[in-house]
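Per the UniProt record's numbering, the sequence shown starts with residue 1, numbered consecutively. Shown next, in structure tokens, is the structure this report addresses.
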Amino acid sequence: MAENRRENDANALGYEHTLMYGQYKEDLEAYAKAEARRLKTLQKLRKKEETIRKKELKTYRSASQRRLAGYLTTFWHHTFAKLGEDWVFLAVLGILTSLISFGMDYAIAICLRTRIWLYRDLARHPLLQYMAWIAFPLTLILFSSGFVHIMAPQAIGSGIPEMKTVLRGVVLKEYLTFRTLVSKVVGLTCSLGSGLPIGKEETSIVATLLSKLVTSFKGIYENESRTSEMLAAACAVGVACSFAAPIGGVLFSIEVTSVFFAVRNYYRGFFAACCGAMVWRLLAVWFKDEETITALFKTNFSVDFPFDPQELLAFALIGAFCGFAGALFVWLHRQIVYFNRRHKKMNSFLQRNRFMYPAVITVVISSLTFPLGLGQFMAAELTNHEVMNELFSNITWSGADLEVDDKIIVSHWITPYTNIYINLAIFIIMNFITTTVCATLPVPAGVFIPVFRIGAAFGRLVGECMAAWFPEGIRMGDNIFKILPGGYAVVGAAALSGSATHTVSTSVIVFELTGQMSHILPVIIAVLIANAIAQSLQPSIYDSIIQIKKLPYLPSIISTSSQAHNVYVDDIMVREIVYIWEGATYREIKSILKSNKRLQSFPLVESSGKKLLIL
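Written out as structure tokens, the structure is:
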């Protein structure tokens with residue numbers, strides 16, 4: 001019954017549930033207008049029903065209940081109502097989102113630790129180790145794929161492309177619903193718990209949560225423009241809770257979801273994001289994950305001499321390479337989806353056997369990352385948090401005077417057959433390929449964190465090479481500046497993630513994640529160069545998904561150098577207009593109608609000689 005209702009809703013919208021990404025086939029512009037009119041009518045009916053229901057309920061309340069309700073109403077009007085419902089709503093939104101995000105992170109951490117525990121506990125049985133390493137993520141991915149398909153297929157992906165469309169005024173049916181919220185939370189938790197290279201951009205989770213709070217804060221939603229403002233704030237909260245970076249999260253959400261941004265929404269976004277990030281970090285302290293409120297990937301780079309001016313050339317080259325790599329990532333991801341759609345037989349087979357594609361991809365990627373196989377060259381036994389901490393570590397892995405803790409870090413990136421340079425190269429190449437493929441899985445998933453990690457690994461590789469070429473450091477006058485490979489990792493992470501998403505705010509995010517701004521100039525230079533190259537080659541990953549899903553979205557204005565600006569109206573106008581004039585005979589009108597059956601209307605002019613429009 002639920003399946004039939006969901007299919008009818010999808011067919012009414014013209015939404016086709018393809019394997020990797022759904023696509024909209026009908027003209028959503030016309031649909032959006034009709035849907036907006038329907039929702040307005042429905043809202044009026046609900047208000048009338050609610051008024052009648054309140055009157056009926058009053059008759060069933062006792063005198064004490066009516067007095068208590070009156071006291072609470074008076075308290076509300078003299079306290080929170082004076083502050084404004086906006087502030088209360090945004091605070092509640094940030095707190096609830098942080099609770100959801102922390103709960104998801106806790107469950108994800110348990111899943112990842114369970115997988116590592118199973119692998120280590122079966123150390124005497126390599127075959128059982130391999131089976132456990134494969135079976136655990138396979139179970140989670142298949143459950144996530146099946147659950148999302150049954151509950152709400154619209155939850156597939158990160159949700160940012162859909163929110164970008166919604167904020168432009170398009171109504172996506174069955175998207176901002178409680179079903180999508182549940183599907184997103186459960187599906188994303190299982191997907192990330194599998195250990196596959198999948199990211200966590202939960203903007204749509206917050207937006208769906210927002211839609212459920214509408215009934216409690218009716219005053220905010222009496223005006224449609226304020227609805228859009230609150231949705232924009234919700235996007236900021238979602239990104240801020242994902243990255244534990246309120247300032248960078250707000251700026252990132254603005255860049256990826258808005259073409260034009262109303263400055264009056266700034267305080268709403270920052271207030272909600274700060275509430276969410278603060279509660280998220282406090283929960284981490286209370287549950288003993290952190291000793292105090294600190295940066296997520298805390299670094300300890302030298303503040304006095306973090307880099308030499310001559311190193312700016314190396315940072316610029318990192319930005320250039322990341323620009324090309326980000327464009328390649330977007331192009332490759334789109335080609336994988338289109339390849340599946342072009343081959344009808346394969347697409348039809350995978351549609352009938354819906355679990356085949358995620359199962360094969362999960363088995364292949366898990367096999368490649370098996371620690372006793374190729375995974376030993378990729379630090380496969382480490383979680384994402386541990387990988388990022390080691391890539392940002394303030395030591396030179398190829399150094400000779402390493403302490404015990406430092407040697408433990410380096411041991412994860414060397415083998416008896418390879419050194420740190422080969423391992424980092426394998427890590428970058430394999431993660432680049434697997435992240436691109438995993439981004440096409442029919443499960444809730446993002447791409448920011450995996451791309452961020454790949455960029456950090458590339459920056460670390462460049463930094464270690466620089467440290468090997470200049471073991472004593474770079475001499476500048478009488479001073480010698482030591483090479484800090486961790487700083488290169490920070491630059492690479494910001495540059496590659498910025499190029500893939502076409503954002504500059506990744507530089508702010510990386511400062512909040514590391515807790516230091518010592519490399520602010522190299523990061524800004526690399527991010528700007530990476531963005532300049534990537535934007536000239538490919539759209540952002542979110543705009544690319546909009547194209548794949550055929551979502552209605554007004555593209556950015558083309559550059560002034562384009563020849564399209566030289567096109568005039570008379571170059572594209574239809575000159576041979578079919579018209580009817582006042583003196584036309586019955587025979588002439590009949591002939592016009594017969595020869596132009598597709599036309600629904602005809603302009604009426606004074607005469608065939610004087611074509612003055614009458615109607």
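We put the beta carbon where it would ideally sit given N, CA and C, even for glycine.
Residue i burial status per 10 Å Cβ neighbour count (16 or more: buried)
| i | result |
| --- | --- |
| residue 614 | exposed |
| residue 149 | buried |
| residue 39 | exposed |
| residue 616 | An answer regarding residue 616 cannot be provided, because it is not within the stretch 1 to 615 covered by the chain. |
| residue 358 | buried |
| residue 184 | buried |
| residue 232 | buried |
| residue 490 | buried |
| residue 6 | Note that residue 6 scores 48 on pLDDT, short of 50, meaning its location in the model is unreliable; the coordinates nonetheless yield the value given after this. Residue 6 should be labelled buried. |
| residue 479 | exposed |
| residue 287 | exposed |
| residue 151 | buried |
| residue 415 | exposed |
| residue 198 | buried |
| residue 117 | exposed |
| residue 603 | exposed |
| residue 566 | exposed |
| residue 464 | buried |
| residue 319 | buried |
| residue 229 | buried |
| residue 3 | Unreliable positioning characterises residue 3 in this predicted model, as indicated by a pLDDT of 49, which lies under 50. A coordinate reading is not provided. |
| residue 334 | buried |
| residue 340 | buried |
| residue 180 | buried |
| residue 484 | buried |
| residue 569 | exposed |
One or two residues paired with residue i in a DSSP bridge
| i | result |
| --- | --- |
| residue 604 | 580 |
| residue 481 | 474 |
| residue 249 | Answer is none; residue 249 lacks a bridge partner. |
| residue 282 | Paired residue(s): none; residue 282 is not in a bridge. |
| residue 613 | 605 |
Cβ separation of residue i and residue j, assumed to be a contact under 8 Å, to the nearest whole Å
| i | j | result |
| --- | --- | --- |
| residue 383 | residue 196 | Not quite, the Cβ-Cβ distance comes to about 13 Å (not below 8 Å), so this is no contact. |
| residue 431 | residue 460 | About 13 Å; that fails the 8 Å criterion. |
| residue 494 | residue 510 | 4 Å |
| residue 468 | residue 398 | 6 Å |
| residue 492 | residue 456 | 6 Å |
| residue 161 | residue 597 | The pair is not a contact, with the Cβ atoms about 40 Å apart (cut-off 8 Å). |
| residue 277 | residue 246 | 4 Å |
| residue 412 | residue 379 | 5 Å |
| residue 547 | residue 330 | Not a contact, Cβ separation roughly 10 Å. |
Three-state class that DSSP yields for residue i in the structure shown
| i | result |
| --- | --- |
| residue 442 | coil |
| residue 199 | strand |
| residue 72 | helix |
| residue 596 | coil |
| residue 157 | strand |
| residue 192 | helix |
| residue 3 | Note on residue 3: pLDDT 49, under 50, position unreliable in the model; no value is reported. |
| residue 298 | coil |
| residue 504 | coil |
| residue 558 | coil |
| residue 174 | coil |
| residue 101 | helix |
| residue 499 | helix |
| residue 48 | helix |
| residue 149 | helix |
| residue 117 | helix |
| residue 164 | helix |
| residue 123 | coil |
| residue 402 | coil |
| residue 361 | helix |
| residue 395 | coil |
| residue 568 | coil |
| residue 244 | coil |
| residue 169 | coil |
Interface flag, residue i vs chain B, CB-CB below 7 Å
| i | result |
| --- | --- |
| residue 474 | Absent here is chain B; the protein component of the structure consists of one chain. |
Residue i beta carbon near the ligand PLP (any heavy atom closer than 6 Å)
| i | result |
| --- | --- |
| residue 195 | Although the ligand PLP was asked about, the structure shown includes no ligands whatsoever. |
Legend entry - Every unbroken alpha helix (DSSP H) within the stretch 316-358, with a cutoff of 4 residues, ordered by chain: 344-352
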